[in-house]
Every structure is written in C-alpha cells, then in structure tokens.
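The opening residue of the sequence shown carries number 133 in our numbering; numbering runs sequentially from there.
Using N, Cα and C, we set each Cβ at its ideal position, and we do this for glycine too.
One structure is given here, and the rest of the page talks about it.
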Amino acid sequence: MIADSPDKPQVADSAFSRKLQDLVALLEKNGASFAIAPDDIAALRGDEGELSALASRSETALQGVSEAEDVLSAARVRATRAIGAYRIARLDIAVRMERILARLPETAERTVHRASLRELLGHAPTPPVFTIPAVPDNLCAVPVPQSGSIELSWSFANVEACEFEIETARSESSTPPKHGKTFPVPLSFEAAGKVSETRFVHSFRAEGHKPPVPGTVFYYRVRAINRFGEMSAWTPSVCAASPIRPKIMPIFPVTNFGISFLWMRRLVSNGRSLSR
C-alpha cells in the first residue's frame, strides 16, 4: 500500500533537505577557498527548491488515495508517479552532492558530510559510481622455445580488484619483429584467455591443432576488468614470433673433456636449452 510505505517522501525529505541545506551553507561559506564555482552553489539551491516542491506534490497525491481504492485507480497512479519523480530527483541531487563533495579538500568536515549522505541514502541508494580500471602497463611478449609457447607479462597497480582479458592476432607476415617493439596493429583479434594475475602463457601445444609454422608473428593486447564489469582500454599491441628451433651444425668436435655443440640461432630473442 502506498500510504503505508515506510519510505514516504515526507519522511525522507526532512533529513535529506537538511543535508542539502548544510552542504549549501558549507559551500557558501568556503566556496572560494574550495574552488567551487558559484553556479554549482546556485544549482544546489535550485535543487533544494525542486525537491521541496516534488515532496509536497507527492504528499498531496498520497492524501488523495484511500485504503479501498483499486491499485490501478487514477489516484494511485498519480501518487505512484509523483513518488517516482521525487525519488529520481533525490537520487540525481545526491549524485551531484557526492561529486561536489569529492572535489573538496580532505578534511574531517568533508568526511562527515560524505558519510552522512551515504548513510542517509542507505534505504534508497544512488547507483554506484564505478571507476574504470587503468590500462595495464609494460606489456611484454617473449618466446619460450623450451615449452613451444609465448609468455606475456605486464604490470598493474591493483591486481586483486581486477582480472585480465587477453586477445591475440596472427600476422600474415613471417618477418620477425624487432624484439620488444610495440605496434598499434589493425588486425583481427580474438580471445586468447582470462587470468587473475599479470602473466599469461600462450601455449601452441595446448590448442589441440597443428602448431603454427615456427617464426609466425603473433600480436597481443590486454585489458583489465573490475568486479563491476567495467573495462579499461586495450594496451598497445606487442608482438613476438613463435619459437624457431636452432639449426644444428654438422660439426661435433670431441675432446678429452667433452663434446662441443654448435648451432645457429634463428631469432635473437629465443632462449636456448640442450637435451641428450
């Protein structure tokens, strides 16, 4: 029943209006030192008048609703619309108040204002203000011949709050890139995986199909995703070539101390390992 709702506009309005009046008074007293524009203060004063008018209109509409009236009666529809307009206005004003408070210097008074505003709106919270994650830094791709893979690594300030999405694109060119160079490449990227750490291994052996031709160039990019689903921009793409096996030379000098192996590296960035 609308009339029996614990969240009547006239109940919430007195507390919220006092908080709005307190903020206006604070800004009028210290607006210049806080670098708050006079237009912002004037807008809050206008919000105060608008909220009061909407609350009064809601109360008047509620008074016209009797207990026996049908849910779809004209009186109930008018009251519901009036209350909805009031609540939307209150949330819009709360968001503006929060944004202005966020611009104030870090003082005890500001902290109290923000805490009381959020507590006051606890029964009708404003939509959460999400912070878009930063773009991961220092993305690097390195071929790992031992495992036949390319290992990615990057840095990120708040790893616990995000996961990371990786995309890859295969280059049509077989020319190995300069090691560590980054490119804004207009290629067709596809999903490579998601991780919750700042490291990812693109293993060609685990893909379930024929490995790429050694030396095939792959491009990678990464973005962060927070728990609200907000995404950062993609990092600039980096590239690396799938590992190339070294060319073994047909000369194995034997001495009293061992056997010497010679080989020719195909990529300077490749690591080396030896098995027997």
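> Looking only at C-alpha atoms, which of V370, I168, A266 and A174 sits nearest to L236?
Replying inline: As a working note, residue 236 is residue 104 in the sequence shown. Of the listed residues, the one whose Cα sits closest to L236 is I168.
> What do you reckon, are the CB atoms on C371 and A273 nearer than 8 Å?
Replying inline: Taking the first residue of the sequence shown as position 1, residue 371 is located at position 239. Taking the first residue of the sequence shown as position 1, residue 273 is located at position 141. Cβ distance < 8 Å, so C371 and A273 count as in contact.
> Smallest Cα separation from F288: which of L176, A187 and T367?
Replying inline: The count along the sequence shown starts at 1 and reaches residue 288 at position 156. That would be T367, whose Cα lies nearest to the Cα of F288.
> How is P170 classed by DSSP in three states: helix, strand or coil?
Replying inline: Looking up residue 170 in the sequence shown gives position 38. The answer is helix: DSSP assigns P170 an H, G or I state.
>> Once the 5 residues before and after E182 are set aside, which same chain residues still bring their CB inside 7 Å of it?
In response: Position 50 of the sequence shown, counted from the first residue, corresponds to residue 182. These residues qualify, in order along the chain: A221.
> Under 8 Å between the Cβ atoms of P344 and P277?
Replying inline: Reading the sequence shown from its first residue, position 212 is the one you call residue 344. Reading the sequence shown from its first residue, position 145 is the one you call residue 277. Cβ atoms of P344 and P277: not closer than 8 Å.
> Pick from L176, E297, Q195 and S149: whose alpha carbon is nearest that of N358?
Replying inline: If you number the sequence shown from 1, residue 358 lands on position 226. Comparing Cα positions, the closest option is E297.
> CA-CA distance, E362 and K326?
Replying inline: Translated into positions along the sequence shown, residue 362 becomes position 230. Translated into positions along the sequence shown, residue 326 becomes position 194. In a straight line, the C-alpha of E362 is about 15 Å away from that of K326.
>> Taking the alpha-carbon of N290 as reference, which of D269, S281 and S303 has the nearest alpha-carbon?
In response: Looking up residue 290 in the sequence shown gives position 158. Residue nearest to N290 within the set D269, S281 and S303 is D269 (criterion: CA-CA distance).
> Using the beta-carbon count (16 or more within 10 Å), is A211 buried or exposed?
Replying inline: Working through the sequence shown from its first residue, we reach residue 211 at position 79. It is buried - the Cβ of A211 has at least 16 other Cβ atoms within 10 Å.
>> With distance defined between alpha-carbon atoms, name the residue in V156, P275, G280 and R189 nearest to L233.
In response: Within the sequence shown, numbered from 1, the residue matching residue 233 stands at position 101. L233 has its Cα closest to that of V156, out of V156, P275, G280 and R189.
> Is it true that the CB of R353 sits closer than 8 Å to the CB of E299?
Replying inline: Looking up residue 299 in the sequence shown gives position 167. Looking up residue 353 in the sequence shown gives position 221. Cβ distance < 8 Å, so E299 and R353 count as in contact.
>> If you reduce the DSSP assignment to three classes, tell me which class G312 lands in.
In response: On the sequence shown, position 180 is the one that residue 312 refers to. Because the pLDDT of G312 is 46, which lies under 50, any placement of that residue in the model is unreliable, and the number read from its coordinates should be weighed accordingly. Correct three-state label for G312: coil.
>> Quick check on G325: does DSSP put it in helix, strand or coil?
In response: Sequence index remark: in the sequence shown, residue 325 carries index 193 (1-based). Strand at G325.
>> Within the continuous beta strand (DSSP E) that includes I298, where are the two ends?
In response: To locate residue 298, count along the sequence shown from 1; it is residue 166. Residues C294 to R302.
>> Please classify A174 as buried or exposed, where buried requires at least 16 other C-beta atoms within 10 Å of its C-beta.
In response: Numbered from 1 along the sequence shown, position 42 holds the residue referred to as residue 174. A174 is exposed by the Cβ-count criterion.
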